[in-house]
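Q: For reference, the structure I am asking about is given below.
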Amino acid sequence: MCDMLNAESVSLCTLCAVLCCAVVCRVITMTLGAVCLLVCSPPQSNALPPYYYSEQPPPYANISGTQVWHPPPPPTLPQYAPQPVVTPVVITNIAPPSRKLPSRSRTCCYGCSGAIIVTLALVGIALWLGLQFGTKLLSSPSRESTPDVCPAKRVLCDGYKDCSWGSDETGCVRFGTDNQLLVKTSTEGIFLPVCSEGWSQHLSELTCSQLGFRRSYAYESMRDSSSRTLSAANKSSSYIQGKLTDSSSCLGQQTVALKCSNCGQQQSSSRIIGGGEAQLGHWPWQVSLHGRSGSHICGGSLISPDFVITAAHCFSSSEAQLPGSWHVYMGTVSQLSLTAPSRVEKIILHKDYDPHSNDYDIALLKLSRPVTPSSTIQPVCLPAYNQIFSPGTTCWTTGFGTTVEGAQSGSVRLMEVDVDLISSADCNAQRVYGGHITENMLCAGNLQQGGRDSCQGDSGGPLVCKDKSRWFLTGITSWGEGCGQRNKPGVYTNVNKLLTWIYSNTQVTKLSVCHNY
Numbered sequence: 014m015c016d017m018l019n020a021e022s023v024s025l026c027t028l029c030a031v032l033c034c035a036v037v038c039r040v041i042t043m044t045l046g047a048v049c050l051l052v053c054s055p056p057q058s059n060a061l062p063p064y065y066y067s068e069q070p071p072p073y074a075n076i077s078g079t080q081v082w083h084p085p086p087p088p089t090l091p092q093y094a095p096q097p098v099v100t101p102v103v104i105t106n107i108a109p110p111s112r113k114l115p116s117r118s119r120t121c122c123y124g125c126s127g128a129i130i131v132t133l134a135l136v137g138i139a140l141w142l143g144l145q146f147g148t149k150l151l152s153s154p155s156r157e158s159t160p161d162v163c164p165a166k167r168v169l170c171d172g173y174k175d176c177s178w179g180s181d182e183t184g185c186v187r188f189g190t191d192n193q194l195l196v197k198t199s200t201e202g203i204f205l206p207v208c209s210e211g212w213s214q215h216l217s218e219l220t221c222s223q224l225g226f227r228r229s230y231a232y233e234s235m236r237d238s239s240s241r242t243l244s245a246a247n248k249s250s251s252y253i254q255g256k257l258t259d260s261s262s263c264l265g266q267q268t269v270a271l272k273c274s275n276c277g278q279q280q281s282s283s284r285i286i287g288g289g290e291a292q293l294g295h296w297p298w299q300v301s302l303h304g305r306s307g308s309h310i311c312g313g314s315l316i317s318p319d320f321v322i323t324a325a326h327c328f329s330s331s332e333a334q335l336p337g338s339w340h341v342y343m344g345t346v347s348q349l350s351l352t353a354p355s356r357v358e359k360i361i362l363h364k365d366y367d368p369h370s371n372d373y374d375i376a377l378l379k380l381s382r383p384v385t386p387s388s389t390i391q392p393v394c395l396p397a398y399n400q401i402f403s404p405g406t407t408c409w410t411t412g413f414g415t416t417v418e419g420a421q422s423g424s425v426r427l428m429e430v431d432v433d434l435i436s437s438a439d440c441n442a443q444r445v446y447g448g449h450i451t452e453n454m455l456c457a458g459n460l461q462q463g464g465r466d467s468c469q470g471d472s473g474g475p476l477v478c479k480d481k482s483r484w485f486l487t488g489i490t491s492w493g494e495g496c497g498q499r500n501k502p503g504v505y506t507n508v509n510k511l512l513t514w515i516y517s518n519t520q521v522t523k524l525s526v527c528h529n530y
């Protein structure tokens, strides 16, 4: 019996040792996997972010002999994972890199006691590395450390900052037809023109600076017969709305028309209908956004020396929301001859952006340094609040995206193509996008013939329309089904509907590294 006990004891010890080794192996595996993910970025490909989807709406359903149509859910939109991409760190589920598995397995077999010591050492190293690098990779870049605190009795647009970020004084200035300056009143919340009498260059500079521009470009007088206006007053305020007062009329009915930048100008105006390669200076606001992989990922448009506007879906991963992940290239029409890049200081995503429907697909990039305008680098004009381009208007879209649907890489050359604006009613028809077009979207292309369209890699780029020798940013390339297909035009973010958000965020300069406002 003693021999049997000894044999059983040995067997139990052996089994215990094996189980212990197995547990320790698992701990080491998970620990090393977490360490590798914290310290090393995964290999990146040069694949462009998926831009178009190809899922058809579901068929009608018959219930008890009655035909009942269920509205289709929003189509499965692309994941929009522009490079670089960081694999989410979930320590309990991540398998270690296969190249390290054999060595760790051999280490386990030397005995439980030694394995435990090694495990403790590795855990210590992992904790140290986590403290050193973890916050850079795992912290949420969109979480604001200093929230915008507003008193209960704040007054909007009165010229005095009540909220900690000054958000109560945003959205108080807009531009009407022919750059007419309109300022919101604090009493009734309506926008009124401003009298030219008493206006000055100093007030022009203050207004444009308030909207995020470096300075004003020009101002002039324009006739307006409105019965109620605003006039400059000798009042102390850091905001233009605080320096104005109600007025029953303007002398000579002359009001202020203000330009904050010399925008929307081209070096050359010759273009080929039907599309082709763009010439240098044709679209001087076009930018190319490169990730850490060093390749083109998304397009964008320069709207001022300090800001680029693009699509929110270009920043779907946590690493993509880090400003240091991006290089911004301007003034070029070839990926083989890039200029010196600009760096990004802040990334501002619309707080209501929906990756499933792609509603509110808009983002702003605050550049680390202002760019110097030239013949090949110019901002595009933002439209006036009441400036609507009617369906059928021929506009242009540009980008470094693919020229053939399904291609694995984008175009080396900047491509341009003319597209016609399509009404929301036509674009929402069942044969087209079946109700998925919101008021924050617009469509452009050719429903009957297809062909002319933006494609994968053009995301975030401009759709511009011309008015009185200047080009206005009408849309931001967002999504679509396929490329150039009949009844499947390109879908763009409707810039006109989001002007308040744009100006409010270019105005607020005390934003965090990446803040959803």
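Just so we're aligned, residue 14 is where the sequence shown starts under the working numbering, counting upward by one. Where a beta carbon is used, it is the ideal one built from N, C-alpha and C, also for glycine.
Which word fits Gln443, buried or exposed, when buried means at least 16 other C-beta atoms lie within 10 angstroms of its C-beta?
A: Along the sequence shown, read from residue 1 onward, the residue named residue 443 stands at position 430. Gln443 is exposed by the Cβ-count criterion.
Q: Taking only the alpha-carbon atoms, compute the straight-line gap between Gly488 and Gly503 and give it to the nearest angstrom.
A: Against the sequence shown, residue 488 aligns to sequence position 475. Against the sequence shown, residue 503 aligns to sequence position 490. Approximately 10 angstroms between the Cα atoms of the pair.
Q: Below 8 angstroms on the Cβ atoms is my guess for Gly405 versus Leu434; work out the distance and round it to an integer in Å.
A: Working through the sequence shown from its first residue, we reach residue 405 at position 392. Working through the sequence shown from its first residue, we reach residue 434 at position 421. Contact holds; Cβ gap of about 6 angstroms.
Q: Relative to the alpha-carbon of Ile515, which residue among Thr323, Thr385, Cys456 and Pro386 has its alpha-carbon at the smallest distance?
A: For this step, residue 515 is matched to residue 502 along the sequence shown. The residue with the shortest Cα to Cα distance from Ile515 is Thr323.
Q: Between which two residues does the alpha helix (DSSP H) harbouring Tyr232 extend?
A: Sequence index remark: in the sequence shown, residue 232 carries index 219 (1-based). No alpha helix (DSSP H) holds Tyr232; the beta strand (DSSP E) holding it covers Ala231 to Arg236.
Q: Would you say the segment 201-214 touches the segment 266-281, given that touching needs at least three Cβ pairs under 8 angstroms?
A: Yes, the segment 201-214 touches the segment 266-281.
Q: Checking the sheet assignment: what are the DSSP bridge partners for Cys478?
A: Here the question's residue 478 lines up with position 465 in the sequence shown. Phe485.
Q: Which residue wins for smallest C-alpha separation from Asn459, given the options Gly448, Cys440 and Thr451?
A: Counting from one through the sequence shown, the residue named residue 459 turns up at place 446. Comparing Cα positions, the closest option is Cys440.
Q: The beta strand (DSSP E) that contains Ile361, what's its start and end?
A: Reading the sequence shown from its first residue, position 348 is the one you call residue 361. Segment Ser355 to Leu362, the beta strand (DSSP E) holding Ile361.
Q: At what residue ranges does the segment 381-441 contain a whole run of the alpha helix (DSSP H), taking only runs of 4 or more?
A: Fully enclosed alpha helix (DSSP H) runs of 4 or longer: 437-440.
Q: Should Val321 and Leu395 be called a contact, given that it needs their Cβ atoms to be closer than 8 angstroms?
A: As a first step, residue 321 is located in the sequence shown; it is residue number 308 there, counting from the start. As a first step, residue 395 is located in the sequence shown; it is residue number 382 there, counting from the start. Not closer than 8 angstroms, so no.
Q: List the residues that DSSP assigns as beta-bridge partners of Pro206.
A: The residue labelled residue 206 in the question sits at position 193 within the sequence shown. DSSP, once it has assigned bridges, lists Leu195 as partnering Pro206.
Q: Excluding the 5 residues flanking Glu290 on each side, which residues of the same chain have their C-beta closer than 8 angstroms to its C-beta?
A: For the purposes of this step, residue 290 is taken as residue 277 along the sequence shown, with counting starting at 1. For Glu290, where only same-chain residues beyond five positions count, the Cβ hits under 8 angstroms are Val346, Arg426, Leu427, Met428 and Glu429.
Q: The beta strand (DSSP E) spanning Thr451 covers which residue range?
A: Locating residue 451 in the sequence shown gives position 438, where the first residue counts as 1. It is not in any beta strand (DSSP E) - Thr451 carries neither H nor E in the DSSP assignment.
Q: Let me know if Val384 comes out buried or exposed under the rule of 16 or more other beta-carbons within 10 Å of its beta-carbon.
A: Position 371 of the sequence shown, counted from the start, is the residue given in the question as residue 384. With 16 or more other Cβ atoms within 10 Å, it is buried.
Q: Which residues bound the alpha helix (DSSP H) around Asn518?
A: One-based indexing of the sequence shown puts residue 518 at position 505. It spans Leu512 to Gln520 - the alpha helix (DSSP H) in which Asn518 sits, taken as one unbroken run.
Q: Is the beta carbon of Leu271 sitting closer than 8 angstroms to the one on Ser229?
A: Mapped onto the sequence shown, residue 271 falls at position 258. Mapped onto the sequence shown, residue 229 falls at position 216. Going by C-beta atoms, Leu271 is nearer than 8 angstroms to Ser229.
Q: Out of Asp181, Leu377, His215 and Ser403, state which residue places its alpha-carbon closest to the alpha-carbon of Cys456.
A: Within the sequence shown, residue 456 is the residue found at index 443, counting from 1. Of the candidates Asp181, Leu377, His215 and Ser403, the one whose C-alpha sits nearest the C-alpha of Cys456 is Ser403.
Q: What span of residues does the alpha helix (DSSP H) with His369 cover, start to end?
A: Translated into positions along the sequence shown, residue 369 becomes position 356. Per DSSP, His369 belongs to no alpha helix (DSSP H) and is neither H nor E.
Q: Buried or exposed, going by whether 16 or more other CB atoms sit within 10 Å of the CB of Arg382?
A: Here residue 382 is taken as the residue at index 369 of the sequence shown, counted from 1. Looking at its Cβ environment, which holds fewer than 16 other Cβ atoms inside 10 Å, Arg382 is exposed.
Q: State the Cα-Cα distance for the pair Gly294 and Ser388, rounded to the nearest angstrom.
A: Here residue 294 refers to the residue found at position 281 of the sequence shown. Here residue 388 refers to the residue found at position 375 of the sequence shown. Near 6 angstroms, if we compare the C-alpha coordinates of Ser388 and Gly294.
Q: Distance, Cα to Cα, Gly223 vs Leu257?
A: By 1-based counting over the sequence shown, the position of residue 223 is 210. By 1-based counting over the sequence shown, the position of residue 257 is 244. The residue you asked about is not Gly; residue 223 is Gln in the sequence shown. Cα to Cα, the separation comes out at about 15 angstroms.
Q: Compare the beta carbon distance of Thr190 and Gln400 with 8 angstroms and say whether it is the shorter of the two.
A: Numbered from its first residue, the sequence shown carries residue 190 at position 177. Numbered from its first residue, the sequence shown carries residue 400 at position 387. Cβ distance < 8 angstroms, so Thr190 and Gln400 count as in contact.
Q: Taking Cβ to Cβ, would you say Gln334 is nearer than 8 angstroms to Pro475?
A: Numbered from 1 along the sequence shown, position 321 holds the residue referred to as residue 334. Numbered from 1 along the sequence shown, position 462 holds the residue referred to as residue 475. Not in contact: Gln334 and Pro475 (Cβ atoms no closer than 8 angstroms).
Q: Could you pull out every unbroken beta strand (DSSP E) segment of at least 3 residues lying fully inside the segment 267-306, listed in chain order?
A: Correct list: 267-272 and 299-303.
Q: Pick out whichever of Lys479, Glu418, Asn518 and Ser491 has its Cα sitting closest to the Cα of Gln278.
A: Here residue 278 is taken as the residue at index 265 of the sequence shown, counted from 1. Out of Lys479, Glu418, Asn518 and Ser491, Lys479 has the C-alpha closest to the C-alpha of Gln278.
Q: Using a Cβ-Cβ cutoff of less than 6 angstroms, which residues in the same chain neighbour Cys185 once the five nearest sequence positions on both sides are dropped?
A: The residue given as residue 185 occupies position 172 in the sequence shown. Taken in chain order, the residues that qualify are Cys170, Lys197 and Gln254.
Q: Just verifying my parser: in three-state terms, what is the DSSP assignment at Thr200?
A: Position 187 of the sequence shown, counted from the start, is the residue given in the question as residue 200. Coil at Thr200, not helix or strand.
Q: Use the C-beta contact count for Pro392: other C-beta atoms within 10 angstroms, 16 or more gives buried, fewer gives exposed.
A: Position 379 of the sequence shown, counting from 1, holds the residue named residue 392. Buried, since its Cβ has 16 or more Cβ neighbours within 10 Å.
Q: Which same chain residues end up closer than 7 angstroms to Lys510 when comparing Cβ atoms and leaving out the 5 residues on each side of it in sequence?
A: On the sequence shown, residue 510 is found 497 positions in, with the first residue counted as 1. Cβ neighbours of Lys510 beyond the five flanking positions: Glu452 and Asn453.
Q: Does the beta-carbon of Leu349 have 16 or more other beta-carbons within 10 angstroms, so that it is buried, or is it exposed?
A: Locating residue 349 in the sequence shown gives position 336, counting from the first residue. Looking at its Cβ environment, which holds fewer than 16 other Cβ atoms inside 10 Å, Leu349 is exposed.
Q: For Val477, I'd like the list of residues in its chain whose CB is within less than 7 angstroms of its CB, leaving aside the five on either flank, ordered along the chain.
A: Looking up residue 477 in the sequence shown gives position 464. Same-chain partners within the cutoff: Val393, Cys408, Trp409, Trp484, Phe485, Leu486 and Thr487.
Q: Run through DSSP, which three-state label would Lys12 get?
A: Residue 12 is absent from the structure shown; the chain starts at 14 and stops at 530.
Q: So, with DSSP's three-state summary, where would you put Val40?
A: Taking the sequence shown and counting its residues from 1, the one referred to as residue 40 is at position 27. Unreliable positioning characterises Val40 in this predicted model, as indicated by a pLDDT of 41, which lies under 50. The coordinate reading is nonetheless provided below. Val40: helix per DSSP, three-state reduction.
Q: For Ser548, which option in Lys248, Gln214 and Gly495 has the closest C-alpha, if you only look at C-alpha atoms?
A: Given a span of 14 to 530 for the chain in the structure shown, any question on residue 548 remains unanswerable.
Q: Where does the unbroken beta strand (DSSP E) through Cys311 begin, and where does it stop?
A: Counted from its first residue, the sequence shown places residue 311 at position 298. Here the beta strand (DSSP E) through Cys311 covers His309 to Ser317.
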